[in-house]
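1 is the number of the first residue of the sequence shown in the working numbering; add one for each residue after it.
Glycine included, every Cβ here is placed at the ideal spot set by N, Cα and C.
Notes for the one structure printed next.
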Amino acid sequence: MSIKKYIPNFVTLLNLLCGSIAVVFAVHNNFVEAAAFVCLGIFFDFFDGLLARKLNVQSELGVQLDSLADMVTSGLVPGIVMFKLISISIDAPEIIHKQGWSSDFHSSSVYIAPVALIGLFITLASAYRLAKFNIDEDQQSYFKGLPTPANTLLIMSLPLIIEFQNSEMFSSLILNTWFLFGLTIVSCFLLNSNIKLFALKFKNFSFSDNKFRYALILLSVILMIGFHFIAIPLIIILYILLSILKNATTK
C-alpha cells in the first residue's frame, strides 16, 4: 500500500493543528502569535491540494478533511478575533490614550460584552461558505465569493496593524465598535456573495492567460513594501476589483 496517498492529508492535518493553536492564542488575546499560526496553516492549506494533484491522490476524504481544517483556521479563528476586538473596542478610548495598546492588547482579563458575539457571525458565514463550496462543481477555476483564507487574512490584519504600524489614527478606526460591526457585515457578505473571483492557480505561465494574477502578485508586493500590514486590506480590495475587471473583459 502506497504511503503517498496519506501525505496530502497529513499536510491538511498540519493546517488544522496550526488553526487549533491559533485558537488558543486568540482566546488569550495573543493576536500576533495567533496570526503567525494562521499564516502557517494557510501555507499548509495551499500545499495540501497541490501535493494531492502532483501525487495524483485526490480523494473525497481529502476534500472533506480540507474543509474541516479550514473551518478552524479560516473560520473559527477570525470569528474569535473579531469577537475579541469588539470586546476591546468598548474600552478603546482608555486603551489608546491611557497606557497604550500593548498592555491591554495582551491581557486575558478583557471584559466581554454580549454584543461582541456579533463577531462570531464571521464563523457562521465561513461555515456556510465552505459548505456551499463543497457542493458547487463550478468553482474549479474561480471562486464564488471571497475565499475563507483571504477573509481570514483581512481580519487578522487588524490587530497586526495596531501592534506594528504605531498609528493612533488607524488604531482609533480599528477599535471603533461601529467600524468592527460594519466590517463583520461586509465580511459575511463577501464570503457568500456571487462575485466571481479568479483563483491563483496557474495552468501555464503565459502572460496573456495570467495577466490579472501577475498584476495582483506584483501590486501586492509593492503594497506590502510600502504599507506593511495596512497593505493587506488594500490587497483584498485590489483582488476583488481585478476580478470584477477580469469578468468584465472576458465576457
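Supposed close pair residue i, residue j - CB separation, criterion 8 Å
i: V72; j: S20; result: 6 Å
i: L146; j: L218; result: Between L218 and L146 the Cβ distance is about 21 Å, and since that is not below 8 Å, they are no contact.
i: V23; j: L76; result: 6 Å
i: F37; j: F25; result: 7 Å
i: L51; j: I7; result: 6 Å
Cβ-Cβ distance between residue i and residue j below 8 Å
i: S220; j: I235; result: yes
i: S243; j: F198; result: yes
i: I237; j: T177; result: no
i: L223; j: P159; result: no
i: F121; j: C188; result: yes
i: S157; j: P233; result: yes
i: N134; j: S67; result: yes
Inter-residue spacing [alpha-carbon to alpha-carbon] between residue i and residue j
i: K132; j: N194; result: 11 Å
i: A116; j: K5; result: 42 Å
i: D45; j: V186; result: 24 Å
i: I174; j: T12; result: 32 Å
i: N247; j: S87; result: 39 Å
i: G182; j: A150; result: 18 Å
i: A69; j: L61; result: 12 Å
i: S126; j: G119; result: 12 Å
i: I161; j: E33; result: 14 Å
i: D104; j: R213; result: At D104, the pLDDT of 49 sits below 50, so the modelled position is not reliable; the number obtained from the coordinates is stated separately. Between D104 and R213, the C-alpha separation is close to 40 Å.
i: F227; j: F164; result: 11 Å
i: F207; j: G49; result: 24 Å
i: M169; j: T123; result: 28 Å
i: L154; j: N29; result: 17 Å
i: Y239; j: T148; result: 14 Å
i: F31; j: L17; result: 17 Å
i: A215; j: L245; result: 12 Å
i: D209; j: L200; result: 12 Å
i: Q58; j: A35; result: 29 Å
i: S171; j: K54; result: 44 Å
i: L180; j: I225; result: 26 Å
i: K211; j: F205; result: 9 Å
i: V27; j: D136; result: 33 Å
i: V63; j: T249; result: 32 Å
i: T184; j: F43; result: 24 Å
i: N192; j: L241; result: 17 Å
Proximity test, residue i beta-carbon vs the ligand GDP heavy atom, cut-off 7 Å
i: L154; result: Looking for the ligand GDP in the displayed structure turns up nothing, as the structure carries no ligands at all.
As assigned by DSSP and simplified to three states, the class of residue i
i: L200; result: coil
i: F179; result: helix
i: F212; result: helix
i: L234; result: helix
i: F205; result: coil
i: H97; result: Model confidence at H97 stands at a pLDDT of 46, short of 50, so the residue's coordinates are unreliable; what they give is reported in the following sentence. Helix.
Nearest neighbour of residue i, chosen from the options [CA to CA]
i: L40; options: L85, S74, K201; result: S74
i: R129; options: T152, I232, G226, S172; result: T152
i: A113; options: H228, S126, M82; result: M82
i: N56; options: N9, L216, L200, C18; result: N9
i: D138; options: T184, S172, K196, L241; result: K196
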